[in-house]
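Novice: Residues in the sequence shown are numbered from 113 upward in steps of one, following the working numbering.
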Amino acid sequence: MASSSSSSAKRNTALSFFPLLLLSLFGSAFAGNIVKTLPGYPGPLPFTLETGYISVGEVEFFYYFVHSQGKPASDPVLLYMNGGPGCTGLNGFIFQTGPLKFNLSDYTGGLPTLLNEPNAWTKTSNIIYLDAPVGAGFSYATTAASYSSDDSLTAQQIHIFVRKWLIEYPSFQSNPFFIASDSYAGIITPMLAQNILQGNEALITPLVRLKGYVLSCPHTDTDVETNSKIPFAHRMTLISDALYKAVKTSCNDYYVESTSANCTEDLAAVNECIELINRQNILEPYCAFLSPESHEAFKISIICSWIYGSLIQACKQLFMFAL
Ligand SMILES: *[C@@H]1O[C@H](CO)[C@@H](O)[C@H](O)[C@H]1NC(C)=O
Ligand SMILES: *[C@@H]1O[C@H](CO)[C@@H](O)[C@H](O)[C@H]1NC(C)=O
113 MASSSSSSAK
123 RNTALSFFPL
133 LLLSLFGSAF
143 AGNIVKTLPG
153 YPGPLPFTLE
163 TGYISVGEVE
173 FFYYFVHSQG
183 KPASDPVLLY
193 MNGGPGCTGL
203 NGFIFQTGPL
213 KFNLSDYTGG
223 LPTLLNEPNA
233 WTKTSNIIYL
243 DAPVGAGFSY
253 ATTAASYSSD
263 DSLTAQQIHI
273 FVRKWLIEYP
283 SFQSNPFFIA
293 SDSYAGIITP
303 MLAQNILQGN
313 EALITPLVRL
323 KGYVLSCPHT
333 DTDVETNSKI
343 PFAHRMTLIS
353 DALYKAVKTS
363 CNDYYVESTS
373 ANCTEDLAAV
383 NECIELINRQ
393 NILEPYCAFL
403 SPESHEAFKI
413 SIICSWIYGS
423 LIQACKQLFM
433 FAL
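Laid out in structure tokens, this is it:
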């Protein structure tokens, strides 16, 4: 996929100016380049995929736009952002909500084949998968200085991206608009929503019909997250009532850094219980890989799963014994 979109995307400026001029003279239902086929997928794609760039100052933001496979004219438009910071929107497209996924069966290396994803969010929504911040995926800056970024600046730039995108795609201006994101983009999403609402209040056009936002496993605040891990571990029975009570008292409900010798000791005991747990999803094996698995990697993950399962049991038994 990357090769087909990047080759057209990374044309030199003189060449790309010409189709843009044509578009502005004659208008078009499609502002990006339509991608009809992808390597690894047999035949034409069963959905409309466009890729393109929107300029925000000296930053060129790259997007994949999948038209809804349901009712594109009335289905919501979702701006979908991935975490990192620096993760490409292709991650969301392939691994999270998009209409295609890698074929992992008997994968032995080389170009993976692509399969339809029956539970894609694109069945009922138009999704813009965005490469952001600048430098992620195919998004780039035209000056070295503009590669410098931060969360607030990124949220401001994406706000401008959204309005310029709606200018490029006028037929989607009246659709309900949502922001969806995962992981680190949980930092950007509320700021972006606020920028959009303030822009609407200031009557910046086109209006963005923002209805809400979706955060999946969002990063929000490091201290809040760290302080939540211990009550969570307790509720999930990864640590005993006795240990929870002890650590709560000795650390005074503050687990970001230890404030006493007893707190240090109790935190060490907690860590011993949870160090082999997959922090992203406690029900998943610690060693599982999200990327295409080889047979060996899969076997290793099964072994790890078994080992960590046994360790949890041992840990629980230890604490039951202690009680
Ligand atoms: C998935 O990949 C395997 C191994 O390359 C292949 O044998 C199988 O036919 C593929 N499945 C589909 C549905 O394309
Ligand atoms: C630390 O823990 C020990 C053993 O549980 C206890 O006797 C002591 O009072 C605790 N110290 C403080 C400052 O709470």
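Where is the CB? At the ideal position from N, CA and C, for every residue including glycine.
Within 6 Å: the Cβ of N374 and any heavy atom of ligand 2?
Specialist: yes
Novice: Of all the options G198, G152, A297, E170, which has the alpha carbon lying nearest to the alpha carbon of P224?
Specialist: Nearest option by C-alpha distance: G152.
Novice: Taking DSSP's pairing of strands, which residues face T163 in a bridge?
Specialist: As computed with DSSP, T163 is found in a beta bridge with N145, Y176.
Novice: Just checking my contact of A267 with I300 at CB under 8 Å: how many whole Å lie between their CB atoms?
Specialist: Between A267 and I300, the beta carbon gap of about 5 Å places them in contact (Cβ cut-off 8 Å).
Novice: By alpha-carbon positions, which one of F205, A253, L327 ends up nearest to H179?
Specialist: F205
Novice: Based on Cα-Cα distance, which residue from Y398, T160, S167, R391 lies nearest to S258?
Specialist: When C-alpha distances from S258 are compared across Y398, T160, S167, R391, the shortest belongs to S167.
Novice: Is the number of C-beta pairs between the segment 200 to 215 and the segment 227 to 238 that are closer than 8 Å three or more?
Specialist: yes
Novice: Please tell me whether Y153 has its Cβ less than 7 Å away from any Cβ of chain C.
Specialist: Among the chains of the structure shown, chain C does not appear; only one protein chain is present.
Novice: What is the rounded straight-line gap between the Cα of D187 and the Cα of T160?
Specialist: 14 Å
Novice: Consult DSSP for M303 and reduce its assignment to one of helix, strand or coil.
Specialist: The DSSP-derived three-state label of M303 is helix.
Novice: Mapping DSSP to helix, strand and coil, what is V320?
Specialist: Here V320 carries a coil assignment [DSSP, helix/strand/coil].
Novice: Please state the DSSP three-state secondary structure of K213.
Specialist: In this structure, K213 counts as strand in the three-state DSSP scheme.
Novice: Looking at N215 and ligand 1, is the gap between the Cβ and the nearest heavy atom below 6 Å?
Specialist: yes
Novice: Over what stretch of residues does the alpha helix (DSSP H) that includes D263 continue unbroken?
Specialist: 263 to 280
Novice: Ligand 1 and T225: does any heavy atom of the ligand fall closer than 6 Å to the residue's C-beta?
Specialist: Checking every heavy atom of ligand 1 against the Cβ of T225, one is found closer than 6 Å.
Novice: Can you tell me whether N238 is helix, strand or coil according to DSSP?
Specialist: strand
Novice: For the beta strand (DSSP E) containing D294, list its first residue and its last residue.
Specialist: 289 to 294
Novice: CB G324 to CB F290, shorter than 7 Å?
Specialist: yes
Novice: If we count the other Cβ atoms within 10 Å of its Cβ and call it buried at 16 or more, is N238 buried or exposed?
Specialist: N238 comes out buried.
Novice: Have a look at L304 and A354 and give me their C-alpha separation to the nearest angstrom.
Specialist: Rounded to the nearest angstrom, the two C-alpha atoms are 43 Å apart.
Novice: Put S286 into one of helix, strand or coil per three-state DSSP.
Specialist: coil
Novice: Might you give, ordered along the chain, the residues of its own chain that have their beta carbon closer than 6 Å to the beta carbon of Y367, omitting 5 neighbours on each side?
Specialist: The answer, listed in chain order, is T338, N339, I342.
Novice: Using the C-alpha atoms, what's the distance from L379 back to K360?
Specialist: 10 Å
Novice: Please go through the same chain and pick out, in chain order, the residues whose beta-carbon is closer than 7 Å to the beta-carbon of S261, but skip the five residues on each side of it.
Specialist: P245, V246
Novice: Figure out for me which residue from G195, F214, L265 has the closest Cα to the Cα of G169.
Specialist: L265
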